[in-house]
Amino acid sequence: MTRVLVVEDDPAIADLVRLYVAHAGWEPDLVGDGAEALRRWEANAAAYDLVVLDLMLPGLDGRGLCRRIRDGLGGKPDVPILMLTALDDRRDTLEGFALGADDYLTKPFDPDELVARLKALLRRAGAGVENRPSGERARGEVRRLGRSTLDLAARRLTVGSAEVPLRPREFDLLVALAARPGVVCSRDFLLERVWDNEPGEETRTVDVHVSRLRDRLAAAGSGVSIETVRGIGYRLTVAAD
Numbered sequence: 515m516t517r518v519l520v521v522e523d524d525p526a527i528a529d530l531v532r533l534y535v536a537h538a539g540w541e542p543d544l545v546g547d548g549a550e551a552l553r554r555w556e557a558n559a560a561a562y563d564l565v566v567l568d569l570m571l572p573g574l575d576g577r578g579l580c581r582r583i584r585d586g587l588g589g590k591p592d593v594p595i596l597m598l599t600a601l602d603d604r605r606d607t608l609e610g611f612a613l614g615a616d617d618y619l620t621k622p623f624d625p626d627e628l629v630a631r632l633k634a635l636l637r638r639a640g641a642g643v644e645n646r647p648s649g650e651r652a653r654g655e656v657r658r659l660g661r662s663t664l665d666l667a668a669r670r671l672t673v674g675s676a677e678v679p680l681r682p683r684e685f686d687l688l689v690a691l692a693a694r695p696g697v698v699c700s701r702d703f704l705l706e707r708v709w710d711n712e713p714g715e716e717t718r719t720v721d722v723h724v725s726r727l728r729d730r731l732a733a734a735g736s737g738v739s740i741e742t743v744r745g746i747g748y749r750l751t752v753a754a755d
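Here the numbering used here = 1-based position in the sequence shown + 514.
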């Protein structure tokens, strides 16, 4: 069963999230402060498939907890994280993405939308791929990008034998760009392909994720570059071997 770590200090909101997560068929685990969530995550990170994380928390705020998870605490840095915030501030949203959050919702929110977004995160994370029939997995496509290999079925990017760690949104962004190598993809096009035109998303979201993806590709020596075409969007290029 999918298990969701819910870190929220407002009892009413926490109970609402718990009810809807349970109704979706998942197991919610509620924590009311950041320090306790950190201890629980460090002790049992492998048990969780999703994290719902409030930005403003006692003990340790959501920014700090998100950073610690993405830095590898508990050994599961790629868990999908949805951040909740009472601050309808674009800067907080962009900061959350920069820290590694995959999605966000501003309070008050529609709990049905919360569940829909969590389901989308699970799909992008490839949850349940190992349990699909082998024939279904075999239909996945593998693409060569110079010295890098993009495995769509396994949702993995490798350089040689080394896997490049990518967040679900980063992987989807790379797939969208890799489908059109050398072609300029507009920000609006990428928003549609990667974020499915989800409410509240804007082109600046694309910029933040491209920047993070670009850094990961460069650090891995992938030979894959993402060029900025000013005023339009981005273009993927592959270095010759």
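Idealized CB from N, CA, C, for every residue including glycine.
This structure is a prediction, so every number in the text was calculated from the model and none was measured.
For the alpha helix (DSSP H) assignment, the uninterrupted runs of no fewer than 4 residues enclosed by the region 698-731 are, from N- to C-terminal side, 701-709.
Contact between Glu556 and Leu519 is ruled out by a C-beta separation of about 12 Å, above the 8 Å threshold. Collapsing the DSSP output to three states places Pro594 in coil. Taking Leu579 as reference, the option from Leu628, Gly548, Ser736 and Lys633 with the minimal CA-CA separation is Gly548. If you check the CB distance, Val565 and Leu659 do not come in under 9 Å. Note that the C-beta distance between Leu680 and Leu671 is below 9 Å.
Using a Cβ distance threshold of 9 Å, Arg638 and Pro594 count as a contacting pair.
Residue state for Asp686 is assigned as helix, using DSSP reduced to three classes. Counting along the chain, Tyr562 sits inside no alpha helix (DSSP H), nor does DSSP assign it H or E at all.
Straight through space, the alpha carbons of Leu598 and Gly737 are spaced by roughly 36 Å.
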